[in-house]
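Chains as they are written, first to last, in my numbering: chain D, 132 to 262; chain Z, 545 to 804. This report refers to the structure that appears directly beneath it.
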Amino acid sequence: MTHWQVIRYPAFVEKILIMHELSLALEVTDLASREAKKNRIATIMEIMIEVGNLSGVEADAFEMALDMVVKDTILENAVKKIIRITGKGRCTSCDLEFEMKNILDCCPECNCYSSEIIGGREFRVVSLTGE
Amino acid sequence: MCETCGCGQPDEVTIHDHSQKHDHDHEHSHEHEHNGHKHTHPHSHPEKRVINLNMDILSENNKMAERNRGYFEGKNITCLNLVSSPGSGKTTILEKTIQSLIPSQKIYVIEGDQQTMRDAERIEKSGAPAIQINTGSGCHLDANMIHLALKKLEITNNSLLFIENVGNLVCPALFDLGEFKRVVVISVTEGDDKPLKYPYMFRSSHLCLINKTDLLPYVEFNTDTFINYARQMNPELGFILMSSKTGEGMQNWLDWIRNI
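Put into structure tokens, the structure is as follows:
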């Protein structure tokens, strides 16, 4: 008896272009459909999304990917507002709070790398506007 | 199964235009004639509403990951998620690990690759039941795939479960699978600057296995430089230098598994 089995995800194969941001954009169309149904909304006019620059999601690529995947979904005609959030870190040595443009940024006071990220990890749907 | 992204959620919402018959509750304006005279009915348009969600886009994945985590805790299963770029030696490390531990430990493996069952076949030969997930063109495993695999694998209590993720240092960093610890594998042929290039993966891992140390004399890989870069990302990260080929460092890795 063989123990291994294959679980296939044929739906993925149909959509050939799956890159990092594209698969995340598909999560957004899915979430929007779910929440629209829950809130009895038939048409979504606007979706507002926050993307932090330390979230692991490239906002420009994500915006492009979202444009690509909305066809034939509830977001097809929605205005997509992408709000970019700049990262913020707190140094674990000197407690200084500072702006993080990059996940590699160290504390500007003591050059310490062990900072805690306190902002910029956002990757969320803020709101849907619809009727 | 959702036909949009294969996420396992039922594709509940159908989208239809207003020319189709549908049953939602707003009235349409229209004019028509009654007994030869024409009038307009009073009508109302649906109100524009703002739904504040503040919802994490990966919240569905995170919820399923927590479910998997609860399953592991309830059955006392130690689950490790192995991540790396392709070709770092994850499968060989797993083969050797299984051969060393299997006499005293029940081990199961979930294998993730875009295509083929090769890795599951290799793992099975080394003695552990394995399930292969083929993601097609997908670039990572998600928590729902693990949930489906767990139903088929029927893991017994008190066992060890390895998840070998799709070879990719980008996407798997964002998808929690419910694992207890995340182990990133790097081989010395990949270069010592990888932590700077793929910081999210190193930041989200608990242990780093530096593999193929038998090749150190032949490649430009400075172990200290690598560890310094990785510690900049993640001061808590642990390191084990090993070669699954020669067996160097294998004992340290086995001890780490036994002690978690």
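Where a beta carbon is used, it is the ideal one built from N, C-alpha and C, also for glycine.
Buried or exposed by the 16-neighbour rule on C-beta atoms within 10 Å, applied to Z:V727
As a first step, residue 727 of chain Z is located in the second sequence; it is residue number 183 there, counting from the start. Around the C-beta of Z:V727, 16 or more other C-beta atoms lie within 10 Å, and the residue is accordingly described as buried.
Any residues in the stretch 239 to 254 of chain D with a beta carbon nearer than 7 Å to a beta carbon of chain Z? Which ones, in chain order?
Close to chain Z, meaning a Cβ-Cβ distance shorter than 7 Å, are the following residues of the stretch 239 to 254 of chain D: Y244, S245, F254.
CB contact check: D:E230 to chain Z, cutoff 8 Å:
For this step, residue 230 of chain D is matched to residue 99 along the first sequence. Not one chain Z Cβ lies under 8 Å of D:E230.
Interface residues of the stretch 774 to 797 of chain Z facing chain D [CB-CB below 7 Å]
Across the stretch 774 to 797 of chain Z, CB contacts with chain D closer than 7 Å involve Q776, P779, in sequence order along the chain.
Helix, strand or coil for D:K168 per DSSP?
Indexing the first sequence from 1 puts residue 168 of chain D at position 37. Three-state result, D:K168: helix.
Please classify Z:E780 as buried or exposed, where buried requires at least 16 neighbouring CB atoms within 10 angstroms.
If you number the second sequence from 1, residue 780 of chain Z lands on position 236. With fewer than 16 other Cβ atoms within 10 Å, it is exposed.
Nearest candidate by alpha-carbon position, reference Z:S731, set Z:W797, Z:S788, Z:N678, Z:E708:
Locating residue 731 of chain Z in the second sequence gives position 187, where the first residue counts as 1. The candidate whose alpha carbon is nearest that of Z:S731 is Z:S788.
Nearest-angstrom Cα distance between D:I248 and Z:L718?
Along the first sequence, one-based indexing puts residue 248 of chain D at 117. Along the second sequence, one-based indexing puts residue 718 of chain Z at 174. Distance between the alpha carbons of D:I248 and Z:L718 is about 16 Å.
Say whether chain Z places a C-beta atom closer than 8 Å to the C-beta of D:S154.
Within the first sequence, residue 154 of chain D is the residue found at index 23, counting from 1. Yes, D:S154 lies at the interface with chain Z (some Cβ there is under 8 Å from its Cβ).
Z:E604 lies in the alpha helix (DSSP H); which residues open and close that run?
The residue given as residue 604 of chain Z occupies position 60 in the second sequence. Note, Z:E604: alpha helix (DSSP H), 603 to 618.
Z:K725 bridges to which residues according to DSSP?
Sequence index remark: in the second sequence, residue 725 of chain Z carries index 181 (1-based). Assignment of beta-bridge partners to Z:K725 by DSSP yields Z:L624.
Spell out whether any CB of chain D is found under 8 Å from the CB atom of Z:E571.
Stepping through the second sequence from its first residue, residue 571 of chain Z is reached at position 27. Residue confidence for Z:E571 is low, a pLDDT of 47 falling below 50, so the modelled location carries little weight and cannot support an answer.
Give a yes or no on whether the C-beta atoms belonging to Z:N755 and Z:I637 are separated by under 8 Å.
Position 211 of the second sequence holds residue 755 of chain Z. Position 93 of the second sequence holds residue 637 of chain Z. It is a contact, given that the beta carbons lie within the stated cut-off.
Segment contact flag, the stretch 152 to 160 of chain D with the stretch 187 to 201 of chain D, C-beta cutoff 8 Å, min 3 pairs:
Taking 8 Å as the limit for Cβ pairs, the verdict is that the stretch 187 to 201 of chain D does touch the stretch 152 to 160 of chain D.
May I ask you to report which of helix, strand or coil DSSP gives Z:Y762?
As a first step, residue 762 of chain Z is located in the second sequence; it is residue number 218 there, counting from the start. Of the three classes helix, strand and coil, the one that applies to Z:Y762 here is helix, per DSSP.
For Z:Y742, name the three-state secondary structure that DSSP assigns.
As a working note, residue 742 of chain Z is residue 198 in the second sequence. In the structure shown, Z:Y742 sits in coil (DSSP, three-state: anything other than H, G, I, E or B).
Does chain Z have any CB closer than 8 Å to the CB of D:S224?
For the purposes of this step, residue 224 of chain D is identified with residue 93 of the first sequence, where counting begins at 1. Not an interface residue.
Z:G711 burial status per 10 Å Cβ neighbour count (16 or more: buried)
Looking up residue 711 of chain Z in the second sequence gives position 167. Z:G711 is buried by the Cβ-count criterion.
By alpha-carbon positions, which one of Z:N709, Z:V653, Z:E610, Z:T700 ends up nearest to Z:L685?
The residue you call residue 685 of chain Z lines up with position 141 of the second sequence. Checking every option, the nearest Cα to that of Z:L685 belongs to Z:N709.
Check for me: the alpha helix (DSSP H) holding Z:F719 runs from which residue to which?
Residue 719 of chain Z sits at position 175 when you count from the first residue of the second sequence. Where Z:F719 is concerned, there is no enclosing alpha helix (DSSP H), given that its DSSP letter is neither H nor E.
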